[in-house]
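Here's the structure we're looking at; comments come further down.
Chains as they are written, first to last, in the working numbering: chain A, 572 to 898; chain B, 401 to 602.
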């Protein structure tokens with residue numbers, strides 16, 4: 572069975588680009604706090620979501636709607652309305668993280684498939700089976716901290732489909748539980764849908780030396796010929812114990828393209844590409860690349876060699892935890 | 401979670417990190433406006449140019465109202481678009497769908513500055529380049545209100561603009577000639593003056 576390519580779309584134009592480039596499935600979200608990519612100028616209003624779903628279905632692709640932040644006390648209706656509107660738009664699934672919202676969806680919109688977001692940080696078979704038995708979850712997006720053998724072990728103990736990130740920004744934290752962004756900005760992906768929000772980012776270029784600041788703190792400083800940084804705390808360059816370096820993770824992107832055969836053998840159903848904040852040009856290039864890879868795998872041919880490094884954070888890529896050289 | 405992003409890999413991860421050859425690759429692929437020609441443009445009268453670009457922007461606003469809706473809170477901001485290989489900058493005030501364009505010498509004033517070679521800015525408009533990739537490679541520089549700059553970039557990316565097609569529409573009977581001239585210029589210079597074929601809507 573061909574592995575499913577699940578592609579990001581931050582705008583209707585990106586959705587169309589993804590479908591045209593060969594995406595089996597596109598994931599996107601509403602333009603509000605229900606969405607863990609609540610960035611300026613991105614995402615879908617209700618009418619755009621309906622049109623996007625219709626377009627994708629007309630061309631044989633599916634649409635998943637990410638409603639993957641955690642409802643604020645007293646404002647749960649915002650998140651519940653988002654689930655209802657995704658169902659009304661004809662979406663193929665909702666991607667949820669909060670148990671209360673999963674319960675709401677299961678009770679009130681049982682017809683729409685429920686996927687467990689990476690924001691739920693479900694990293695073992697027991698918890699995944701719990702979500703399946705309790706809320707009827709059919710698929711789990713696994714955190715980016717698992718190795719291939721760990722993914723295989725999970726698949727051996729659950730009937731729930733697994734979806735793994737194979738390309739794009741690399742979050743090295745237990746997603747949904749990381750508050751680093753909140754320390755510097757007061758805003759987090761979990762409650763506000765933004766990690767290291769652009770509203771708190773500032774760049775200062777002094778004679779070619781670029782300072783990247785978040786919430787007033789300098790997170791990075793790079794020379795004239797170095798790739799530009801985005802000031803994310805988990806990938807910041809810090810001084811501690813007399814040493815300077817990237818304490819949590821260096822600024823690279825995930826590219827597990829060459830691990831696709833191993834992931835298939837590990838029982839993975841779907842390959843997810845990160846990047847709803849990226850352009851339609853990025854979406855089209857990455858989707859074409861990964862679609863060619865899974866088609867080659869299916870045909871028993873060697874995987875094409877990718878040319879995606881220049882699209883990557885830090886202009887360099889890593890296989891992340893899949894090969895487990897760090898954790 | 402993730403974002404646009406950054407720098408050189410630390411030693412501890414070198415064995416696991418792929419080639420970081422994209423910097424030179426991305427920079428090399430973007431054409432730069434010829435210096436002599438740019439110098440020749442320095443004395444150009446900027447008021448007529450501003451008026452022409454304002455009319456052009458208003459035409460785009462009429463055809464792409466979604467672009468201004470997508471700007472949200474930044475629809476009344478003022479942006480400086482700085483083609484670094486030209487002797488002037490373009491100040492864009494979206495005006496909530498009633499845009500005004502002012503071409504000035506010097507740095508211009510705005511909440512955010514997006515600077516890069518003219519070809520990079522045109523390539524972004526036409527969806528030929530990825531804004532983050534240009535930012536990583538430092539072909540594109542963002543200063544000031546980062547959120548406003550991102551909103552503009554995302555709104556323009558979604559609008560699927562084709563500046564040659566828009567200009568052709570304004571050119572009436574001259575449209576076929578305009579298209580031919582721009583196609584010729586695009587082929588000769590490698591600058592994306594229209595939307596790439598593969599990004600055309602079905």
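No residue lacks a Cβ here, since even glycine has one placed at the ideal position from N, Cα and C.
Residue burial classification, residue i (beta-carbon count within 10 angstroms, cutoff 16)
i: residue 582 of chain A; result: buried
i: residue 574 of chain A; result: buried
i: residue 856 of chain A; result: buried
i: residue 679 of chain A; result: exposed
i: residue 702 of chain A; result: buried
i: residue 675 of chain A; result: buried
i: residue 574 of chain B; result: exposed
i: residue 583 of chain B; result: exposed
i: residue 772 of chain A; result: buried
i: residue 581 of chain B; result: exposed
i: residue 850 of chain A; result: buried
i: residue 563 of chain A; result: Residue 563 of chain A cannot be examined here, being either before or after the span of chain A that is shown, 572 to 898.
i: residue 875 of chain A; result: exposed
i: residue 798 of chain A; result: buried
i: residue 872 of chain A; result: exposed
i: residue 625 of chain A; result: exposed
i: residue 422 of chain B; result: With a pLDDT of 34 at residue 422 of chain B, under the threshold of 50, the modelled position of that residue is not reliable, and no figure is offered here.
i: residue 572 of chain A; result: exposed
i: residue 530 of chain B; result: buried
i: residue 646 of chain A; result: exposed
i: residue 704 of chain A; result: exposed
i: residue 848 of chain A; result: buried
i: residue 441 of chain B; result: exposed
i: residue 595 of chain A; result: buried
i: residue 648 of chain A; result: exposed
Other residues of its chain near residue i: CB distance less than 8 Å, five sequence neighbours each side excluded
i: residue 424 of chain B; result: Because residue 424 of chain B sits at a pLDDT of 33, beneath the cut-off of 50, its placement in the model cannot be relied upon, and the following sentence gives the value as read from the coordinates. There are no such residues.
i: residue 591 of chain B; result: 431, 518, 519, 522, 523, 585
i: residue 369 of chain B; result: It is not possible to answer for residue 369 of chain B, since the shown part of chain B is limited to 401 through 602.
i: residue 478 of chain B; result: 491, 492, 493, 509, 510, 511
i: residue 628 of chain A; result: 634, 661
Within chain B, partners of residue i - CB distance below 7 Å
i: residue 770 of chain A; result: 547
i: residue 849 of chain A; result: 530, 532
i: residue 637 of chain A; result: Going along chain B, no residue has its Cβ under 7 Å from residue 637 of chain A, so there is no contact; the nearest lies around 12 Å.
i: residue 584 of chain A; result: 557, 558, 560
i: residue 799 of chain A; result: 406, 535, 536, 538
Neighbouring residues, chain A, relative to residue i (Cβ below 7 Å)
i: residue 605 of chain B; result: With chain B running from 401 to 602 in the structure shown, residue 605 of chain B is simply not present.
i: residue 595 of chain B; result: The premise fails here: residue 595 of chain B is roughly 10 Å from chain A at the closest Cβ pair, so nothing lies under 7 Å.
i: residue 575 of chain B; result: Going along chain A, no residue has its Cβ under 7 Å from residue 575 of chain B, so there is no contact; the nearest lies around 25 Å.
i: residue 550 of chain B; result: 610, 611, 612, 769
Residue i versus the options, residue with shortest Cα-Cα distance
i: residue 456 of chain B; options: B/443, B/492, B/442; result: B/492
i: residue 690 of chain A; options: A/722, A/743, A/654, A/785; result: A/743
i: residue 429 of chain B; options: B/486, B/528, B/439; result: B/528
i: residue 861 of chain A; options: A/830, A/837, A/838; result: A/830
i: residue 595 of chain B; options: B/581, B/560, B/481; result: B/560
i: residue 667 of chain A; options: A/677, A/595, A/659, A/660; result: A/677
i: residue 451 of chain B; options: B/513, B/514, B/502; result: B/502
i: residue 593 of chain B; options: B/525, B/544, B/537, B/557; result: B/525
i: residue 533 of chain B; options: A/864, A/854, A/592, A/868; result: A/854
i: residue 609 of chain A; options: A/618, A/599, A/617; result: A/599
i: residue 615 of chain A; options: B/471, B/441, B/434; result: B/471
i: residue 589 of chain A; options: A/864, A/852, A/682; result: A/852
Identified DSSP bridge partners for residue i
i: residue 570 of chain A; result: The structure shown does not extend to residue 570 of chain A, since chain A is modelled only from 572 to 898, so the question has no answer here.
i: residue 816 of chain A; result: A/809
i: residue 774 of chain A; result: A/783
i: residue 482 of chain B; result: B/515
i: residue 599 of chain A; result: A/636
i: residue 504 of chain B; result: B/489
i: residue 542 of chain B; result: B/514
i: residue 708 of chain A; result: A/685
i: residue 843 of chain A; result: A/577, A/736
Same chain only: Cβ atoms within 7 Å of residue i, ignoring 5 sequence neighbours per side
i: residue 746 of chain A; result: 689, 690, 692, 714
i: residue 568 of chain B; result: 575, 578, 579
i: residue 728 of chain A; result: 696
i: residue 818 of chain A; result: 809, 811
i: residue 786 of chain A; result: 755, 756, 771
i: residue 735 of chain A; result: 713, 722, 834, 839, 842, 843
i: residue 427 of chain B; result: Here residue 427 of chain B scores only 42 on pLDDT, less than 50, and its place in the model should not be relied on; the value that follows carries that caveat. Correct list, in chain order: 537, 539.
Interface residues of chain B facing residue i [CB-CB closer than 9 Å]
i: residue 721 of chain A; result: Result: empty, since nearest Cβ-Cβ is about 17 Å, beyond 9 Å.
i: residue 581 of chain A; result: 554, 557, 558
6 Å CB neighbourhood of residue i in its chain, flanking five on each side removed
i: residue 653 of chain A; result: 601, 605, 638
i: residue 476 of chain B; result: 496
Partners in chain B for residue i, counting only beta-carbon separations shorter than 8 Å
i: residue 774 of chain A; result: 541, 542, 543, 546
Beta-carbon neighbours of residue i, restricted to chain A and to distances below 9 Å
i: residue 586 of chain B; result: Those within 9 Å of residue 586 of chain B in chain A number zero; the least Cβ separation is about 17 Å.
i: residue 474 of chain B; result: 611, 612
i: residue 507 of chain B; result: Simply none; closest approach about 13 Å.
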